[in-house]
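So the number in the working numbering is just where the residue sits in the sequence shown, counting from 1, plus 663. Here the structure comes first, spelled out in structure tokens, and everything after it is commentary.
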Amino acid sequence: MSGEETSLMDLPSPILLQILSLPPTTLLYVKTLSKSYLNLTLDSEFTKLSRSASPASIIINQFKSNRTASRTNTLKFLKFAVDSFDHDPIDDLDLQLYVPVDSFFLVGSVHGFVCFNYFFGDVDRIYILNPTTREYIILPEPQRVRKWPNLVTYGFGFDPVRFEYKVVRIYQEEIRDDDTNGFRYYKSEAQVYTIGKGYWRSSAGNVMFCFGCRAYGVKLYGKLHWLVSDADRNELICSFNLENELFESFPTAPGYTKENCPDLRRLGAFGCCLCVCDNNADTHFEVWVMKEYGVTDSWVKEIVINISPECNNNWLCYEMINLLKVLDDGEVLFLWRDDFLFLHHPVKKTLKMLDVCEGNFLASSHVSSSFSLKNFEAEVVNVF
């Protein structure tokens, strides 16, 4: 090991975490000066180091209340330990008191920054918020209005090469083929906003895939991923590389047929692997995991939950289920539709519903941080 590697990579965790908390522009400059820093990616090191200071948590975006049957904008934070979880209502944030919209929807969380989408009529707006520092920014509205039959979905991720945070907007334009009795398919393009740049731009090229509008991009290995369908209604996984901003695609998990309901197959991250949750069968719910990224033969059926009246779990049937997080003890946290969370242990075969939020909500894994949005040039930062 060289002296340079010893001086940087062997620094105490609190000091290294302080370095990783520098503004992205400063980090990029440090990276050009230090050879050992070339091998240090913010995604992996931030996650590992911050666990000691901030336990694994889930951020919950409640957008509708059962009590009042009205829209809301409440953030809740759920912290996990072995065999227990904790939700302190004191930490809840009622964003309706500070952000001038009725409700918006969680896109994702990266390094403590949380991305939300608000849309109503011709308005389609993105908010980036840090709940710890009580700061948020509003991105300028992109071109190309979200209007039926055209569709829009989003993703939020981090480019570990350029140290940039990017919002990706997938605009899907419907194409009708008169030669096939009006058969519909979609031409999709990516519009990219780099935090700190101040403007949207279109990436090169487009793909003939339908991304839908309900699922947001799954971040992994410096890319965002979606389950998509092509013009022949075949299901694929499409990725968008946050460094070179190019699309790629590869085969999906086994079990897909054109008779499946697409909303009942959901893409997620099982640790450091892509996974597909499939709830199209009436006898079981299953999770497929891609053990080697991009390798079709590496799909493994990791979880099977049998559904039967004897098990008292018929509520699992034919509903949208998203995998949120694999906990340290092996338990897996899922979101059932947008109604409630449940835990399943693949070895112990336990199944437990969590009563943490009434109403409708979205959720994402989240690690809090004190990264300030004021470090990004060209952004107008609001404090609440």
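The beta carbon of each residue, even a glycine, is placed where N, CA and C say it ideally should be.
Taken through DSSP and simplified to helix, strand or coil, residue 854 comes out as strand. With a 10 Å radius around the Cβ and a threshold of 16 neighbouring Cβ atoms, residue 1012 comes out exposed. Closest in C-alpha terms to residue 782, from the list 1032, 809, 830, comes 809. The DSSP assignment places complete beta strand (DSSP E) segments of no fewer than 3 residues inside the region 876-962 at 881-883, 886-892, 898-904, 910-914, 928-933, 936-941, 947-953, in order along the chain. The beta carbon of residue 811 sits closer than 8 Å to no other beta carbon from its chain once the five residues preceding and following it are set aside. Secondary structure note for residue 970: it is in no beta strand (DSSP E), with a DSSP letter that is neither H nor E.
Between residue 870 and residue 850, the C-beta gap is smaller than 9 Å, which places the two residues in contact.
Taking 9 Å as the cut-off, the beta carbon of residue 788 is found closer than this to the beta carbon of residue 802. Within a 10 Å sphere around the beta-carbon of residue 827 sit 16 or more other beta-carbons, which makes this residue buried. Residue pairing from DSSP places residue 744 in a beta bridge opposite 747. Under the three-state reduction of DSSP output, residue 1038 falls in the helix class. Between residue 994 and the set 933, 736, 1022, 960, the nearest pair of CA atoms involves 933. Fewer than three pairs of CB atoms, one per stretch, sit closer than 8 Å, so the region 917-926 makes no contact with the region 1019-1033. When the alpha-carbon of residue 1002 is set against those of 759, 1031, 985, the nearest one is in 985. Here residue 900 has 888, 889, 890, 891, 912, 913, 914, 915, 930, 937 as same chain residues with Cβ atoms under 8 Å from its own Cβ, once five neighbours each way along the sequence are excluded. The C-beta separation of residue 990 from residue 948 comes to about 18 Å, leaving the pair out of contact by the 8 Å criterion. In the structure shown, residue 813 adopts coil according to DSSP, grouped into three states. The continuous beta strand (DSSP E) containing residue 727 extends over residues 720-727. The DSSP-derived three-state label of residue 835 is strand. Membership of residue 777 in the beta strand (DSSP E) is indicated by the continuous run 776-783. In the structure shown, the three-state DSSP call for residue 754 is helix. In this structure, DSSP gives residue 802 a state outside helix and strand, which the three-state scheme calls coil. When DSSP states are grouped into helix, strand and coil, residue 1025 belongs to the strand group. In this structure, residue 854 and residue 834 form a Cβ contact; the two beta carbons are roughly 6 Å apart against a cut-off of 8 Å. The beta carbon of residue 1018 lies closer than 8 Å to those of 1003 in the same chain, with the five residues before and after it left out.
Taking every protein chain shown into account, the CB of residue 1047 has fewer than 16 other CB atoms within 10 angstroms, so this residue is exposed. In this structure, the CA atom of residue 721 is about 19 Å from the CA atom of residue 798. Using a 10 angstroms sphere on the CB of residue 972, the tally of other CB atoms stays under 16, which defines it as exposed. Within a 10 Å sphere around the beta-carbon of residue 1041 sit fewer than 16 other beta-carbons, which makes this residue exposed. When secondary structure is reduced to three states using DSSP, residue 990 falls in the coil class, being assigned neither helix nor strand. Counting only the Cα atoms, residue 903 lies some 30 Å from residue 796. In this structure, the beta-carbon distance from residue 950 to residue 970 does not fall below 9 Å.
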